[in-house]
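To keep things clear, I will list the structure first and then write my remarks on it.
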Amino acid sequence: MALLNKRPHAVMLPFPAQGPINAMMQLAQILYARGFYITFVNTQYVQERISRSGSVESVKSPPDFRFETLPDGLPPEHGRTSKLAELSRSFTDNGPPYFDKLMDKLKHSQPDGVPPVTCIVSDGLVSFPQKIARKLGVPRVSFWTHSACGFSTYFFAPLLVEKGYIPLKDERCLTNGYMEQIIPSIPGLPHLRIKDLSFSLLRMNMLEFVKSEGQAALEADLILLNTFEDLDRPVIDALRDRLPPLYTIGPLGLLSESANDTISDISASMWTEETSCVKWLDCQDPSSVIYVSFGSITVMSREELLEIAWGLEASKQPFLWVIRPGLIDGQPDVLPTEFLERVKDRSFLVRWAPQMKVLSHPSVGGFLTHSGWNSTLESICAGVPMISRPFLAEQPTNGRFASEVWKIGVAMSEDVKREDVEDLVRRLMRGEEGQQMRKTVGELRDASIRAVREGGSSYTSMEKFVQEIKRGLD
Ligand code: UDP
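Reminder that position 120 of the sequence shown reads as 120 in the UniProt record's numbering, one-by-one numbering, no gaps.
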């Protein structure tokens, strides 16, 4: 029993969407490799999806890496991530009593070999465990699986409201040039335009939620960010001045590689990965393929899908395109036969790709992305420049950083036209501009590798964080 009590036990609660779950799983694997007992808490809906995808190996997970579930309060047929505001509200309203019950169960099951809970790690947008953490006398770790710049805009939302930039007064703001206005005053951020702010800040139905979760970071005992110092220093410094101890531990995808030998089989994908695309990539020329994917949540119009399709066709570049079920308003096979016929010798379509493998494949030379944070970071780690077409959450901020701050990408206008797609793909894959971006992103990739190596900033932060939690055992 004495020994049992010496083992740290992290309860980990991600926001119920694929990107945050992936990042939380990477962190869980790292902590497990460092001796933690893990309880990973998914919503029932997510866990069922993972099981159905066939890729989950939770059954194979060791007895000291366990899964638990909570209801999200929504009926099975609800669109969930396609209605993020409803999902966020419902999970925040319905999750807490079940989470409290789970913590109670864990407290009482210690004789069965479960060590006492040492910390609760929940997504930055899931702050409800704060109260129970206080009650149990354990730290709550607020893990922002978003970008540092995105988190920063959430944290400084009260300032943006006070200065009158948000909420948008009415729909006319979208068309009368208002969105182009520069915001001069968010600490640590370059001068963003209003249109670069997270859609969650611009829309009334999400503003209150992200604003209050941003402020809840002040109550956390520790804050973790999935980034590295050399990438985001000004943003991190401004946050560090105002928040509880903040550790930068990214890119977690790289840091978790060292942990993978232990529990490499534990995956948390809600879709089945089509690995056949890697064989196709093996047959393509180096840096010739543009990888196209809009993540796990984006829903786009059929019109836009067709503009992208014909733009890719006109670019003459080989491409690997993820068309996830649900990407186009629930219509699975909308690509015209004529298009498919024309691109059949230089394209590969999948419903879900092993993205990390794809991005790090030598044949991939560019990424047309929605600029979700995980995708952005994975692209940086692989040294692949991007074309950014953001759709929701903090994706516009990430896209702006990629093009204007890090200079590793080009931005696509929201009114997507095939000529622009063609032009941007050419510029990225074959132009001098693309070459320069490839060089710059390569330097950032090298910096990310240095950050996770022994003695690097993220490696050291992770060690400090682990020590901090283990200190609670004494
Ligand atoms: N992803 C994947 N295969 C795909 C598309 C996406 O494995 O075909 C993964 C990707 O590697 C990333 C996550 O799904 O880790 C998407 O997260 P991100 O933050 O980029 O976007 P979100 O899905 O949350 O909008």
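No residue lacks a Cβ here, since even glycine has one placed at the ideal position from N, Cα and C. Note that the coordinates shown come from a computational prediction; the quantities given were computed from them, not determined experimentally.
Which partner residues of residue i appear in the DSSP bridge assignment?
| i | result |
| --- | --- |
| Leu123 | Looking at the sequence shown, residue 123 is not Leu but Asp. Asp123 is bridged to Phe143. |
| Leu320 | Tyr291, Phe348 |
| Asn398 | None; Asn398 has no bridge partner. |
| Gly366 | Ile290 |
| Arg242 | In the DSSP output, where bridge partners are listed per residue, Arg242 has none listed. |
| Thr81 | The partner list for Thr81 (beta bridge, DSSP) is empty, contrary to what the question assumes. |
| Ala10 | Ile38, Cys119 |
| Arg193 | Ile182 |
| Tyr247 | Leu224 |
Whole-angstrom Cβ separation of residue i and residue j, contact assumed at under 8 Å?
| i | j | result |
| --- | --- | --- |
| Asn42 | Thr69 | 6 Å |
| Met429 | Gly409 | Rounded, the Cβ-Cβ distance is 13 Å, inconsistent with contact. |
| Ser152 | Leu207 | Their Cβ separation, rounded to whole angstroms, is 16 Å, which puts Ser152 and Leu207 out of contact at 8 Å. |
| residue 525 | Thr227 | With the chain covering only 1 through 474, there is no way to say anything about residue 525. |
| Trp373 | Ser122 | Actually they are not in contact, since the Cβ atoms of Trp373 and Ser122 sit about 17 Å apart, beyond 8 Å. |
| Leu125 | Glu213 | 5 Å |
| Cys149 | Thr397 | 5 Å |
| Asp299 | Asp329 | Rather than Asp, the amino acid found at residue 299 in this sequence is Val. Right, the Cβ-Cβ distance comes to about 6 Å (below 8 Å), so this counts as a contact. |
Taking the alpha helix (DSSP H) that residue i falls in, what are its first and last residues?
| i | result |
| --- | --- |
| Thr376 | 373–382 |
| Phe209 | 204–216 |
| Arg172 | First-last for Arg172: undefined, no H or E at that position. |
| Thr69 | Not the alpha helix (DSSP H): Thr69 falls in the beta strand (DSSP E), residues 65–70. |
| Gly177 | Here Gly177 belongs to no alpha helix (DSSP H), and DSSP marks it neither H nor E. |
| Val278 | 276–282 |
| Leu254 | 252–255 |
| Val343 | 337–343 |
| Gly326 | From DSSP, Gly326 is part of no alpha helix (DSSP H); its letter is neither H nor E. |
| Ile266 | Ile266 -> no alpha helix (DSSP H), and no H or E assigned at all. |
| Ile132 | 129–136 |
| Ala23 | 18–33 |
Report the rounded CA-to-CA distance for residue i versus residue j, giving the unit in angstroms.
| i | j | result |
| --- | --- | --- |
| residue 475 | Val322 | Outside the displayed span of the chain (1 to 474) sits residue 475, for which this structure offers no information. |
| Tyr456 | Arg450 | Residue 456 is actually Gly in this sequence, not Tyr. The alpha-carbon atoms of Gly456 and Arg450 are separated by roughly 6 Å. |
| Pro8 | Ile166 | 42 Å |
| Gln395 | Ser198 | 7 Å |
| Gln215 | Pro318 | 45 Å |
| Val289 | Asp282 | 11 Å |
| Asp285 | Val358 | 14 Å |
| Asp64 | His191 | 47 Å |
| Ser200 | Val117 | 33 Å |
| Ser461 | Lys316 | 45 Å |
| Leu305 | Leu159 | 37 Å |
| Pro115 | Leu136 | 14 Å |
| Ser256 | Lys169 | 44 Å |
| Arg400 | Lys439 | 19 Å |
| Leu144 | Ser413 | Looking at the sequence provided, one finds Trp at residue 144 rather than Leu. The straight-line gap from Cα to Cα measures roughly 28 Å. |
| Met24 | Lys83 | 22 Å |
| residue 493 | Gln18 | The first residue shown for the chain is 1 and the last is 474, placing residue 493 beyond what the model contains. |
| Leu340 | Ser363 | 21 Å |
| Arg453 | Tyr459 | 6 Å |
| Glu313 | Ile223 | 45 Å |
| Glu404 | Ser388 | 12 Å |
Please classify residue i: does DSSP put it in a helix, a strand, or coil?
| i | result |
| --- | --- |
| Gly431 | coil |
| Met356 | helix |
| Ser58 | Its pLDDT being 44, under 50, Ser58 is placed unreliably in this model, and the value from its coordinates should be taken loosely. It is helical. |
| Gly311 | helix |
| Met462 | helix |
| Arg388 | Note on identity: in this sequence residue 388 is Ser, with Arg being the wrong assignment. Looking at Ser388 - three-state DSSP - the assignment turns out to be strand. |
| Ala451 | helix |
| Thr43 | strand |
| Gly95 | helix |
| Val410 | strand |
| Tyr154 | helix |
| Lys163 | coil |
| His361 | coil |
| Thr298 | coil |
| Phe15 | coil |
| Leu473 | coil |
| Pro234 | helix |
| Asp420 | helix |
| Ser53 | helix |
| Ser457 | helix |
| Gly73 | coil |
| Pro334 | It should be noted that the sequence gives Val, not Pro, for residue 334. Reduced to three states, the DSSP call for Val334 is coil. |
| Val114 | coil |
| Ser198 | coil |
| Glu86 | helix |
Is there at least one Cβ from chain C nearer than 9 Å to residue i's Cβ?
| i | result |
| --- | --- |
| Leu243 | Going by chain labels, chain C is absent from the structure shown, which holds only one protein chain. |
What span of residues does the beta strand (DSSP E) with residue i cover, start to end?
| i | result |
| --- | --- |
| Leu224 | 222–225 |
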